[in-house]
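The structure appears right after this line, and notes come after that.
Chains as they are written, first to last, in the numbering used here: chain P, 1 to 480; chain F, 1 to 431.
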């Protein structure tokens, strides 16, 4: 009888081997897939037990904090309500996390790795979050929101010297506190105008004439043109075989580039763009940040890439400016297939302002651990050198003229030199619907703020009259 | 070194384990190491020592490794339960005392366990009654669609835990008598026993099916029937019996899976644990899905003792963490390494059980040891397999580790029986 006993034992060993294999499967082989399963809320549930750190504006205003509930868990509150809604984001069990709350989740929950984390555990200390310090300016943000006055659009302002983001306003907005309720979340998700969308980083609009700054940078920095170089600015000059019109069908004759920028002459810049060529335009656009996700410390899912979007098979997709579907002349005046996010256009202004060096935009400056030490420092980083300092100086002078006597006079500040560029992208010519833009920086001699403003689909809208005054008010506040 | 001194030495690792375990839980809970932990540790070690003394006096030749192995298992269980809920751990410690009394009683009053053979039909009938008790109105309880528990006043227990011992005793005795007859008749080149010999065995199959219908628990019936097939195979040494038996069981299980809603639900929850509809459904796949998520978080080394996320506030994340899902808790906290280590301890236990069966001289002892060991092994397989999605999840306990009074007491009786068999076998072998 002993042989069958040993065989039964062998069968049971095989069954136990199966148990060991399946345990291995769940803990090691399929681990990542299980942890990413949308039904797996363990991570979020665990975080309910952690006091997340504060999110603080530059002035010390608290934008997000955790309150302790009766059952020992924590809930998130946003004392400034919708002031920085899409930027700060939210953190709730449902619908999860977004914005800075998501991007800095590890810091805010104080996930300390390595030796220090182990030591904390051994000491029996509870996991506690780090505070997040940002450069955001609540007062200027409020002015931006007030100035948009309910019109769908976006304002983004940053310090060109460091890339620190000061204002990031997106309308329509919402109050993140209501996301505690599942019903309100569902309502917001399907609300008209998509209030949850951060238009500064994920709103793609035709940039119109503001893009002429990019074309001008390429023209001058490549050595092909000087601000005084003249080009024929007549109306209806054929571009890619089709006549291109100037605003109001105006013909300017031979004009220099400074005048062409001041008066925003389409035909001049389209010809300049064609001469620069796709390859060279592509290189400059890339240096400005076009063609990749707009670089800022927000989740990748909340950012889009600016650039040329073609739809060869019905699906809109980002292509290189050298692609055969691109009409580079029209792209050079911000039309055709060119789309840009407001933050991208603020980066364009910022690169000119900072003597040709583009700093990587950053919202957070550092995190502070519960003991008051700096846990993480978000030091300013250079994104690229876009053009030489000399080219940037020439471009600055040209952009100053736009505000002094051109299309952007509405942005002029008393006693402060402003450099800027208007844009009015045509959305629907028949119904006279356009997308007004304004990008600028100030003071021109020592730039401290770079800004981009856009308003969605305005009837009879014009960059100089609709967007420029908003930029003026926000810059005024930031320079005070 | 004699067997008993080896046993005493074997208890040292178990006692170290329980001291380290309670220490870790206390550190996590930010409580000072107070008298309570010492009390728990002391009571547990005292119980082990008492069991050791009983064996030393009554069964000097018994297997020296069984007691240390179950001490290790019980200490892991007690520490994990303590970490989940202090009150439950106190209850569990009390059940250990009762289990030990049952253990001692078995050893003292059943010196010659072969007297059990005389009462085999009585034992079989009693076991049957026990099995069906949970369906008796008034005392029966239904949990998750299965009828496993009964409650008498304040005490509730699972009679199936005791019935399994009775049925194994009956089968060991019956098969010893009929094993020769079962294989004596051949027709068409295969072993084909007469109906009057195979009849009682078909009855057992019918019983397993009845359990599916009445108790509605796939896991328990798999455990019973698997134990039965193992004994049948050992008794006859004919592979045809377990093959046909398993086929019949599979047919029956398939039939009930498609007709009894509760069994079918368990199977679809097993196949599609992340299906949103099954996940949301009450008694659906939430438990198995959470079990897998918890194990994934454990990874190779685990999140650390006392770290497992069991509940947030008052809402549980891991349902039945102290019973059904205790293996998932262990894997979460101690990782794959901890899970495999626990399985290895069970493999050691099973190896000891089969070694006793091999050493035993008479058929009844061999069959009894085989049956008891197989049932314990299959119980581990059914619950760990359920928790790790090898088979559909059903609510049986992890022997010596899970919280549960009846399980502890019944398993102590099983170990006592194995020790009795071992003592006789080794004494006879020495002569």
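Each residue gets a CB set at the ideal place from its N, CA and C atoms; glycine is no exception.
Just so you know, these numbers come straight off a predicted model, no measurement behind them.
Next item on the list: Just confirm the distance between the C-beta atoms of residue 293 of chain P and residue 308 of chain P, as a whole number of angstroms; I'd bet it's less than 8 Å.
Entry: That pair is no contact at about 15 Å.
Note to self: Using CA atoms only, rank isn't needed, just tell me which of P:344, P:351, P:236 is closest to residue 295 of chain P.
What the structure shows: Of all alpha-carbon atoms in P:344, P:351, P:236, the one lying nearest the alpha-carbon of residue 295 of chain P is that of P:344.
Next item on the list: Could you confirm whether any beta carbon from chain P is found closer than 8 Å to the beta carbon of residue 298 of chain F?
Entry: yes
Check: Using the rule of at least 16 other Cβ atoms within 10 Å of the residue's Cβ for burial, across every protein chain shown, is residue 325 of chain P buried or exposed?
Finding: exposed
Notebook entry, point to check: Using a C-beta cutoff of 8 Å, does residue 92 of chain P count as contacting chain F?
Noted result: Under the Cβ distance rule, residue 92 of chain P does not count among the residues neighbouring chain F, no pair being separated by less than 8 Å.
Next item on the list: Find the residues of chain P that neighbour residue 357 of chain F, judging by a C-beta separation of less than 7 Å, and give them in chain order.
Entry: Chain P residues near residue 357 of chain F: 5.
Item checked: Opening and closing residue of the alpha helix (DSSP H) in which residue 342 of chain P lies -> 342–353
Next item on the list: Evaluate contact between the stretch 377–395 of chain F and the stretch 262–276 of chain F, counting only Cβ atoms and requiring at least three cross-stretch pairs below 8 Å.
Entry: yes
Note to self: Using a Cβ-Cβ cutoff of less than 7 Å, which residues in the same chain neighbour residue 182 of chain P once the five nearest sequence positions on both sides are dropped?
What the structure shows: 94
Checklist line | Inter-residue Cα distance where the pair is residue 162 of chain P and residue 450 of chain P | finding: 11 Å
Margin query: Could you compute how far the alpha carbon of residue 26 of chain P sits from the alpha carbon of residue 292 of chain F?
Written below: 6 Å
Next item on the list: For residue 301 of chain P, count neighbouring Cβ atoms within 10 angstroms of its own Cβ and tell me buried if that reaches 16, exposed if not.
Entry: exposed
Next item on the list: In the DSSP assignment, find the alpha helix (DSSP H) that holds residue 327 of chain F and state where it starts and stops.
Entry: Where residue 327 of chain F is concerned, the enclosing alpha helix (DSSP H) stretches over 326–359.
Checklist line | Interface positions of the stretch 362–373 of chain F facing chain P (Cβ-Cβ less than 9 Å), listed along the chain | finding: 363, 366, 367, 369, 370, 373
Checklist line | Near-chain P residues of the stretch 371–394 of chain F (beta-carbon distance less than 7 Å), N- to C-terminal order | finding: Result list: 374, 377, 381, 384, 385, 388, 389, 390.
Margin query: Just to confirm the assignment, what range does the beta strand (DSSP E) spanning residue 49 of chain P have?
Written below: It is not in any beta strand (DSSP E) - residue 49 of chain P carries neither H nor E in the DSSP assignment.
Item checked: CA-to-CA distance, residue 430 of chain P to residue 268 of chain P, given in whole angstroms -> 25 Å
Checklist line | Simplified DSSP assignment, three categories, for residue 174 of chain P | finding: coil
Margin query: Between P:346, P:225, P:32, which has its C-alpha nearest residue 154 of chain P's C-alpha?
Written below: P:346
Margin query: Please state the DSSP three-state secondary structure of residue 266 of chain P.
Written below: helix
Margin query: Quick check: what's the CA-CA separation for residue 60 of chain F versus residue 411 of chain F?
Written below: 21 Å
Margin query: Report the start-end ranges of each alpha helix (DSSP H) in the stretch 214–299 of chain F that is 4 residues or longer and not cut off at the edges.
Written below: 218–236, 240–259, 261–271, 276–280, 286–298
Checklist line | Proximal residues, the stretch 319–343 of chain F versus chain P, C-beta separation under 7 Å | finding: From the stretch 319–343 of chain F, only 331, 335, 336, 339, 340, 343 have a Cβ closer than 7 Å to chain P.
Notebook entry, point to check: Are the stretch 67–76 of chain F and the stretch 334–349 of chain F touching by the rule of at least three beta carbon pairs closer than 8 Å?
Noted result: yes
Check: Between the beta-carbon of residue 109 of chain P and the beta-carbon of residue 52 of chain P, is there less than 8 Å?
Finding: yes
Item checked: Closer than 8 Å to chain P by CB, residue 398 of chain F -> Judged by the 8 Å Cβ criterion, residue 398 of chain F is not in contact with chain P.
Notebook entry, point to check: If residue 148 of chain P sits next to residue 169 of chain P, beta carbons under 8 Å apart, how far is it from one beta carbon to the other, in whole angstroms?
Noted result: 7 Å
Next item on the list: Could you say which of F:3, F:173, F:83 lies nearest to residue 66 of chain F if we only look at CA atoms?
Entry: F:3
Note to self: What would DSSP say about residue 392 of chain P, mapped onto helix, strand or coil?
What the structure shows: helix
Next item on the list: Measuring alpha carbon to alpha carbon, tell me which of P:467, P:97, P:475 ends up nearest residue 208 of chain P.
Entry: P:467
Check: What are the complete beta strand (DSSP E) segments, minimum 3 residues, inside the stretch 370–417 of chain P?
Finding: 374–377, 382–385
Notebook entry, point to check: If the cut is a Cβ gap below 7 Å, which residues of chain P does residue 309 of chain F touch?
Noted result: 42, 45, 46
Next item on the list: Can you pull the chain F residues whose beta carbon is under 9 Å from the beta carbon of residue 16 of chain P, in chain order?
Entry: The answer, in chain order, is 343, 344, 346, 347, 350, 377, 380, 381, 384.
Checklist line | According to DSSP, residues forming a beta bridge with residue 307 of chain P | finding: P:339
Notebook entry, point to check: Can you tell which of P:336, P:233, P:396, P:465 has the C-alpha that lies nearest to the C-alpha of residue 355 of chain P?
Noted result: P:396
Item checked: Close Cβ partners of residue 258 of chain P (< 8 Å) along its chain, the five nearest in sequence each way excluded -> Sequence-distant Cβ neighbours of residue 258 of chain P in its own chain, meaning closer than 8 Å and more than five residues away, are 227, 228, 397, 398, 401.
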